[in-house]
């Protein structure tokens with residue numbers, strides 16, 4: 232197990248308020264040692280569509296039929 236995995240394992244067992252305290256301490260260390268804080272990348276709308284488009288069928292959304300629905304999906308129209 233590498234160091235980031237070990238830290239993650241320890242943090243996961245802490246209660247939420249202590250996880251927040253640990254995160255605050257990490258932010259303090261980043262500020263003290265002039266380390267750029269991690270910025271989570273955000274997907275643009277077009278990047279999101281490109282990322283997940285491969286999981287859709289070629290006929291989406293025009294040709295949806297019963298074969299496209301899971302076996303437990305309701306088949307009768309709701310009234």
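Residue numbers (the working numbering): 232 to 310. The beta-carbon is built from N, C-alpha and C at its ideal position, and this holds for glycine as well.
Can you check whether the CB of residue 261 is closer than 7 Å to the CB of residue 253? As a position in the chain shown, residue 253 is number 22, starting the count at 1. As a position in the chain shown, residue 261 is number 30, starting the count at 1. Contact: no.
Nearest-angstrom Cα separation, counted from residue 279 out to residue 236: Stepping through the chain shown from its first residue, residue 236 is reached at position 5. Stepping through the chain shown from its first residue, residue 279 is reached at position 48. Their Cα atoms are separated by approximately 28 Å.
Enumerate in chain order the residues of its own chain whose CB-to-CB distance from residue 274 is below 8 Å, with the five nearest sequence positions on each side excluded. As a working mapping, residue 274 is identified with position 43 in the chain shown. Correct list, in chain order: 282.
Just the C-alpha distance for residue 276 and residue 301, rounded to the nearest angstrom, thanks. For this step, residue 276 is matched to residue 45 along the chain shown. For this step, residue 301 is matched to residue 70 along the chain shown. If I take the Cα positions, the gap works out to 27 Å.
Counting along the chain, where does the alpha helix (DSSP H) carrying residue 302 start and finish? On the chain shown, residue 302 is found 71 positions in, with the first residue counted as 1. Neither: residue 302 is in no alpha helix (DSSP H) and is coded neither H nor E.
When the Cα atoms are used, what is the spatial distance from residue 246 to residue 284? Counting from one through the chain shown, the residue named residue 246 turns up at place 15. Counting from one through the chain shown, the residue named residue 284 turns up at place 53. Spanning the two alpha carbons is a distance of roughly 38 Å.
Residue 272, DSSP secondary structure in three states: Along the chain shown, one-based indexing puts residue 272 at 41. Coil.
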